[in-house]
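**Student:**
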Amino acid sequence: MRKHFLDNIRWVTVLLVLLYHAVYFFNNKGVFGGIGGFVSDPKGQPQDVIMYILYPWFMMLLFLVAGISSRYALERSDFNCSRFIKSRTRKLLVPATIGLVVFQWMTGYFNTQIGGVYQGIPDMVHTMPLPTRIIVCIIAGIGPLWFVQDLWLFSLLLALIVKIDKERLYSRLHKFFDTHRRAATGIALLLGFFAVWGGAQLCVPHPAPDDLSGLLNLYRPATYLVLFLLGYFIFSVESIQQRLQELALPMLLLALVSGTILIAQTWGQCNTDPLYLMNWRTNLYAYSTILAILGCFRAWGNKETPFSRYMTRSSYGIYVVHYLVVTSIGYMLKVYTSLPPVADYLILLAAVMLLSPALYELIRRIPLLRWCILGEKQTK
Numbered sequence: 050m051r052k053h054f055l056d057n058i059r060w061v062t063v064l065l066v067l068l069y070h071a072v073y074f075f076n077n078k079g080v081f082g083g084i085g086g087f088v089s090d091p092k093g094q095p096q097d098v099i100m101y102i103l104y105p106w107f108m109m110l111l112f113l114v115a116g117i118s119s120r121y122a123l124e125r126s127d128f129n130c131s132r133f134i135k136s137r138t139r140k141l142l143v144p145a146t147i148g149l150v151v152f153q154w155m156t157g158y159f160n161t162q163i164g165g166v167y168q169g170i171p172d173m174v175h176t177m178p179l180p181t182r183i184i185v186c187i188i189a190g191i192g193p194l195w196f197v198q199d200l201w202l203f204s205l206l207l208a209l210i211v212k213i214d215k216e217r218l219y220s221r222l223h224k225f226f227d228t229h230r231r232a233a234t235g236i237a238l239l240l241g242f243f244a245v246w247g248g249a250q251l252c253v254p255h256p257a258p259d260d261l262s263g264l265l266n267l268y269r270p271a272t273y274l275v276l277f278l279l280g281y282f283i284f285s286v287e288s289i290q291q292r293l294q295e296l297a298l299p300m301l302l303l304a305l306v307s308g309t310i311l312i313a314q315t316w317g318q319c320n321t322d323p324l325y326l327m328n329w330r331t332n333l334y335a336y337s338t339i340l341a342i343l344g345c346f347r348a349w350g351n352k353e354t355p356f357s358r359y360m361t362r363s364s365y366g367i368y369v370v371h372y373l374v375v376t377s378i379g380y381m382l383k384v385y386t387s388l389p390p391v392a393d394y395l396i397l398l399a400a401v402m403l404l405s406p407a408l409y410e411l412i413r414r415i416p417l418l419r420w421c422i423l424g425e426k427q428t429k
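In terms of the numbering used here, the sequence shown opens at residue 50 and continues consecutively.
(1) Could you give the distance in angstroms between the alpha-carbon of Val-66 and the alpha-carbon of Ala-335?
(2) How many Å lie between Val-275 and Phe-203 at the Cα?
(3) Any idea what DSSP makes of Ala-341, helix, strand or coil?
(4) Mapping the DSSP letters down to three states, classify Asn-351 as helix, strand or coil.
(5) Can you find the residues in the same chain that come closer than 6 Å, C-beta to C-beta, to Tyr-104, ignoring five residues on each side of it along the sequence?
(6) Please work out which residues of its chain come closer than 7 Å, Cβ to Cβ, to Val-88, disregarding the five sequence neighbours upstream and downstream, and give them in chain order.
(7) Taking Glu-295 as part of the alpha helix (DSSP H), name the residues at either end of that continuous run.
(8) Note down, in chain order, each residue of its chain lying with its Cβ closer than 7 Å to the Cβ of Lys-429, except the 5 sequence neighbours on either side.
(9) Would the segment 296-303 count as touching the segment 132-139 if we require 3 or more Cβ pairs under 8 Å?
(10) From the DSSP output, in three-state form, read off Ala-257 for me.
(11) Keeping to the same chain, check which residues put their C-beta closer than 7 Å to that of Gly-344; ignore five residues upstream and five downstream.
(12) Assuming Tyr-325 and Thr-338 form a contact by the criterion Cβ under 8 Å, report the distance between their Cβ atoms to the nearest whole angstrom.
(13) Using a Cβ-Cβ cut-off of 6 Å (strictly less than) and excluding sequence neighbours within five positions of Gln-198, which residues of its own chain qualify?
(14) Report the three-state DSSP secondary structure of Phe-81 (helix, strand or coil).
(15) Measuring CB to CB, does Phe-284 end up less than 8 Å from Ile-147?
(16) So the alpha helix (DSSP H) Tyr-219 belongs to, where does it begin and stop?
(17) Determine, using beta carbons only, whether Leu-206 and Leu-141 come nearer to each other than 8 Å.
(18) Give the secondary structure of Glu-124 by DSSP, where H, G and I count as helix, E and B as strand, and everything else as coil.
(19) Under 8 Å by Cβ, that's how I've got Asn-332 and Ala-249 pegged, so tell me the actual separation to the nearest angstrom.
(20) Can the beta-carbon of Arg-419 be found less than 8 Å from the beta-carbon of Glu-410?
(21) What are the boundary residues of the alpha helix (DSSP H) that includes Val-275?
(22) Just checking, does the segment 362-376 make contact with the segment 400-408 on the three C-beta pairs under 8 Å criterion?
(23) Ordered along the chain, which non-local residues of its own chain (more than five positions away) have a Cβ less than 8 Å from that of Ile-102?
(24) If you draw a straight line from the C-alpha of Val-61 to the C-alpha of Val-370, how long is it?
(25) Determine the burial state of Phe-226: buried for a count of at least 16 other Cβ atoms within 10 Å of its Cβ, exposed for fewer.
(26) With a Cβ-Cβ cutoff of 8 Å, do Ala-115 and Phe-282 count as a contact?
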């Protein structure tokens, strides 16, 4: 039986990613990838609060849900790891490699322009030889596809674990959770927090600007792998999900309180700074929010509507293509118009919410592009 609450968490979170990018594009907190804000005071843009609310947890949540979904996918295929990897390679690796050359280079072009504007060199990419310019645009086009690349690597690792472990660990955990339901849930949730917080400590605190160490803080493999494996081994267990449903309101209260305190104490800081992400308060807010969302959606969001059915099918493709809309429209608004800031935000938000699904629908109707960009099977 399909768990609609997981589908709903996934597509709702993707919509929150679109909202986040529409706000962060004009941030003045120094978050990498934006084109700059509208005031110089880092505490002067109240709309940036959306970044503080969302960034600590929304990608963590996507990885945890991916871990849960991977568990169910392997169960449906009778733990056929070869079939699992083949499916994940088409769905994840193809868009993150071939898709870069076919489509995402356009995102990369605007990213290079945005970087030039931010550094005061608006035509920086045009000074490069053409072959170098092409390579730079392709690499710069990765954008949000770092999530896809991480997830493919985690899927490979999971398949190896399943091959070696042969379900012994999961069976023991499942038996323990069912036998000692309340105590086991408390232990699992507490250890889960320390695992997430511990994974965050593997960020590079002070990345050098002239090397690639900063990429580790973008991909955050330790943190996201922990969430992925927690999803697979713990949060896919029915008794744990049931217990989270019972704890939904207390967890929601904890998330609201911890988030309010965190934002009040850190307002004005860069919300993607490694030290910010390594802080225990940031991880407490992130982890409690994830648990609250799982419990609340299981309690009140475990249903399907025509719209949710469409979004379940389409949200991944919308995620893959949306950043071209953000970078192209946002760049043109910032460089070529003098509209009031509120107009820039509203136009960009409307564009990413409306044009991203439209672009996805166009691409999915062209068989070759559908495979190259979205990793979806070509329709006959």
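Built from N, CA and C at the ideal position, the CB exists for glycine as well.
**Tutor:** Answer, in terms of the structure:
(1) 15 Å
(2) 10 Å
(3) helix
(4) coil
(5) So the list reads Asn-320, once near-sequence residues are dropped.
(6) Here the set comprises Asn-77, Gln-94.
(7) Its alpha helix (DSSP H) spans residues 287-295.
(8) Annotation note: pLDDT 46 at Lys-429 (below 50); position unreliable, coordinate value reported separately. Counting only Cβ-Cβ distances below 7 Å, and skipping sequence neighbours, we find nothing.
(9) Flag = no, the segment 296-303 and the segment 132-139 do not touch.
(10) Residue state, collapsed to three classes: coil.
(11) Leu-293, Gln-294, Leu-296, Ala-297, Met-300
(12) Tyr-325 to Thr-338, Cβ: 16 Å. No contact.
(13) Ala-145
(14) coil
(15) In this structure, Ile-147 does not lie closer than 8 Å to Phe-284 by Cβ.
(16) Residue range 217-228 is occupied by the alpha helix (DSSP H) that includes Tyr-219.
(17) no
(18) helix
(19) 6 Å
(20) Taking 8 Å as the Cβ cut-off, Arg-419 and Glu-410 do not qualify as a contacting pair.
(21) Per DSSP, Val-275 is one residue of the alpha helix (DSSP H) stretching across 270-282.
(22) yes
(23) Gly-308, Ile-312
(24) 16 Å
(25) buried
(26) no
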